[in-house]
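Okay, structure first, notes after.
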Amino acid sequence: MHDAVTATGEVTGGVKVLLRLEGLTLFAGMVLLYAVWGGSWAVFALLFLAPDLSFLAYLADSRSGAIVYNAAHSYMVPVALLTVGFALEWPLLLSIAMIWLAHIGLDRALGYGLKYQAGFGFTHLGRIGRAKDPLGKA
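Last residue of the sequence shown: number 275 in the numbering used here, and the count goes up by one each step with no gaps.
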């Protein structure tokens, strides 16, 4: 079997494994960097799950939920914060960026990918949660 993208938009095969390993590498790298840098573990614990507050946008609808979740789980803003924090020597910004990137990395390693508007369980790394059978049972 070869790598493919399914009709639902999820990646499969070796590409999926590679993407999840990249997530694990990002998580491990950010946690190690945070430890070496001497960041506060209390701040780490307090902020690690903060990106998941983006789930609340799903209360509005799946489209809004996917947009907000993906914005909170994209590398763009935390990498920008890391760059600015480093350039301006701003420790709190560096902490936030490293924690945020560690969170995204762990999510990707666990298979929680970027969301499609079809619903929370539809991601680029595959379906998450329990799929219902045609009779509506879990």
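Backbone N, C-alpha and C fix where the C-beta goes; we use that ideal spot for every residue, glycine too.
Problem set entry | Which listed residue (S211, A239, L231, L184) has its alpha carbon closest to that of F162 | For the purposes of this step, residue 162 is taken as residue 25 along the sequence shown, with counting starting at 1. One point to set straight first is that residue 162 is Thr, not Phe, in the sequence displayed. Considering only S211, A239, L231, L184, the residue with the shortest C-alpha distance to T162 is A239.
Problem set entry | Supposed close pair P215, A197 - CB separation, criterion 8 Å | Reading the sequence shown from its first residue, position 78 is the one you call residue 215. Reading the sequence shown from its first residue, position 60 is the one you call residue 197. About 24 Å separates the two Cβ atoms, so there is no contact after all.
For this session: Return the Cβ separation of G160 and R264 in integer angstroms, given the expectation that the two are a contact with Cβ distance under 8 Å.
Result: Numbered from its first residue, the sequence shown carries residue 160 at position 23. Numbered from its first residue, the sequence shown carries residue 264 at position 127. Rounded to the nearest angstrom, the Cβ distance from G160 to R264 is 17 Å, too far for a contact under 8 Å.
Problem set entry | First through last residue of the alpha helix (DSSP H) which encompasses G258 | Mapped onto the sequence shown, residue 258 falls at position 121. Judged by DSSP secondary structure, G258 falls outside any alpha helix (DSSP H) and instead within the beta strand (DSSP E) spanning 256-260.
For this session: Give the single residue among S201, G176, H210, A194 whose Cα lies nearest to the Cα of L186.
Result: For the purposes of this step, residue 186 is taken as the residue at position 49 of the sequence shown. Of the candidates S201, G176, H210, A194, the one whose C-alpha sits nearest the C-alpha of L186 is H210.
For this session: Name the residue from G166, N207, W178 whose alpha carbon lies nearest to the alpha carbon of L229.
Result: The residue given as residue 229 occupies position 92 in the sequence shown. The shortest C-alpha separation from L229 is found at W178.
For this session: Taking the CB atoms as reference points, tell me whether Q254 and S191 lie closer together than 7 Å.
Result: Mapped onto the sequence shown, residue 254 falls at position 117. Mapped onto the sequence shown, residue 191 falls at position 54. For the pair Q254 and S191, the CB atoms are not nearer than the 7 Å cut-off.
Exercise. Would you call the CB atoms of L243 and F164 closer than 7 Å?
Worked result: What you label residue 243 is simply residue 106 of the sequence shown in a count that begins at 1. What you label residue 164 is simply residue 27 of the sequence shown in a count that begins at 1. Yes. Within cutoff.
For this session: Return the first residue and the last residue of the alpha helix (DSSP H) that A208 is part of.
Result: Working through the sequence shown from its first residue, we reach residue 208 at position 71. Run containing A208: 199-209, per the alpha helix (DSSP H) assignment.
Exercise. Does DSSP classify G266 as helix, strand or coil?
Worked result: The count along the sequence shown starts at 1 and reaches residue 266 at position 129. When secondary structure is reduced to three states using DSSP, G266 falls in the coil class, being assigned neither helix nor strand.
Problem set entry | Selection from L251, L247, G266 that minimises the alpha carbon distance to V154 | Numbered from its first residue, the sequence shown carries residue 154 at position 17. Per the Cα distances, L247.
For this session: Sort L170, F257, F259, H261 by Cα distance to I236 and report the nearest one.
Result: Counted from its first residue, the sequence shown places residue 236 at position 99. Closest option to I236, Cα to Cα, is L170.
Problem set entry | Cβ-based neighbour list, S232, same chain, cut-off 6 Å, excluding 5 preceding and 5 following | Position 95 of the sequence shown, counted from the first residue, corresponds to residue 232. Cβ neighbours of S232 beyond the five flanking positions: G176, V180.
For this session: Between the Cα of M167 and those of Y212, Y206, G150, T260, spot the shortest distance and give me the residue it belongs to.
Result: In the sequence shown, the residue the question calls residue 167 occupies position 30. Looking from the CA of M167, the closest CA among Y212, Y206, G150, T260 belongs to Y212.
Exercise. So what does K252 bridge to, in DSSP terms?
Worked result: Within the sequence shown, numbered from 1, the residue matching residue 252 stands at position 115. Answer is T260.
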